[in-house]
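A.B. asks: Take a look at the following structure, please.
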């Protein structure tokens, strides 16, 4: 079984949730993925984490790991993110703060086989989608109209 990570915009639309549910359920039920690495910096990451926590109730075999770019602050303690396991890669702790997310994203790419993206414009999500494609990762794009497009296999 493989692993999956995610890149998308922090101001992601809620309309992507149905496509995420369908995509993630398909990856789990097909036996392709049982391990998920999730960031915690924005709307897309929050949608992914929320959906995976719900799916974990029906698929207890999946592993969901929150990958931190920064150590959490005290005011973050009420977040549902704390319901899942987390990891703080060494690369993030040694990076200047402005590079921590970039380092975290590279770490997640090294660990995964699949990348599920929601990219509508230039920015960090587009950058890492392109890096994933160049690395030969299986990239699944969630289009704005909720259709899926699969990249290199």
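Residue numbers (the numbering used here): 1024 to 1176. Heads up, the beta-carbon is just placed ideally off N, CA and C, and yes, glycines get one too.
When we look at the beta-carbon of residue 1063 and count the other beta-carbons within 10 Å, is it buried (16 or more) or exposed?
C.D. replies: Position 40 of the chain shown, counting from 1, holds the residue named residue 1063. Residue 1063 should be labelled buried.
A.B. asks: Enumerate in chain order the residues of its own chain whose CB-to-CB distance from residue 1056 is below 7 Å, with the five nearest sequence positions on each side excluded.
C.D. replies: For the purposes of this step, residue 1056 is taken as the residue at position 33 of the chain shown. For residue 1056, where only same-chain residues beyond five positions count, the Cβ hits under 7 Å are 1024, 1025, 1026, 1027, 1050 and 1137.
A.B. asks: Rounded to the nearest angstrom, how far is the Cβ of residue 1122 from that of residue 1067, given a contact under 8 Å?
C.D. replies: Here residue 1122 is taken as the residue at index 99 of the chain shown, counted from 1. Here residue 1067 is taken as the residue at index 44 of the chain shown, counted from 1. So it is not a contact: roughly 20 Å between Cβ atoms.
A.B. asks: In this structure, what does DSSP give as the bridge partners for residue 1026?
C.D. replies: As a working mapping, residue 1026 is identified with position 3 in the chain shown. According to DSSP, residue 1026 bridges with 1058.
A.B. asks: Per DSSP, what are the beta-bridge partners of residue 1139 in this structure?
C.D. replies: Residue numbering aside, residue 1139 sits at position 116 when the chain shown is read from its first letter. According to DSSP, which records beta bridges pairwise, residue 1139 is partnered with 1029 and 1163.
A.B. asks: Among residues of its own chain, excluding the 5 on either side of residue 1160, which ones have a beta-carbon nearer than 6 Å to its beta-carbon?
C.D. replies: Reading the chain shown from its first residue, position 137 is the one you call residue 1160. 1138, listed in sequence order.
A.B. asks: In angstroms, rounded to a whole number, what distance separates the CA positions of residue 1090 and residue 1144?
C.D. replies: As a position in the chain shown, residue 1090 is number 67, starting the count at 1. As a position in the chain shown, residue 1144 is number 121, starting the count at 1. Straight-line Cα distance between these residues: approximately 24 Å.
A.B. asks: Going by beta carbon distance, what residues of the same chain come within less than 8 Å of residue 1126, once the five residues before and after it are set aside?
C.D. replies: Here residue 1126 refers to the residue found at position 103 when the chain shown is read from its first residue. Around residue 1126: 1092, 1112, 1114, 1115 and 1118.
A.B. asks: Quick one, are the C-beta atoms of residue 1074 and residue 1043 less than 8 Å apart?
C.D. replies: Here residue 1074 refers to the residue found at position 51 when the chain shown is read from its first residue. Here residue 1043 refers to the residue found at position 20 when the chain shown is read from its first residue. Going by C-beta atoms, residue 1074 is nearer than 8 Å to residue 1043.
A.B. asks: Among the residues of its own chain, which have a CB less than 8 Å from the CB of residue 1079, if the five just before and after it don't count?
C.D. replies: Here residue 1079 is taken as the residue at index 56 of the chain shown, counted from 1. The residues are 1085 and 1087.
A.B. asks: Within its chain, find whatever has a CB closer than 8 Å to the CB of residue 1130; leave out the 5 residues flanking it on each side and keep chain order.
C.D. replies: One-based indexing of the chain shown puts residue 1130 at position 107. Excluding sequence neighbours, residue 1130 sits near 1090, 1112, 1114 and 1115.
A.B. asks: Give the secondary structure of residue 1034 by DSSP, where H, G and I count as helix, E and B as strand, and everything else as coil.
C.D. replies: Counted from its first residue, the chain shown places residue 1034 at position 11. Three-state DSSP puts residue 1034 in coil, outside helix and strand.
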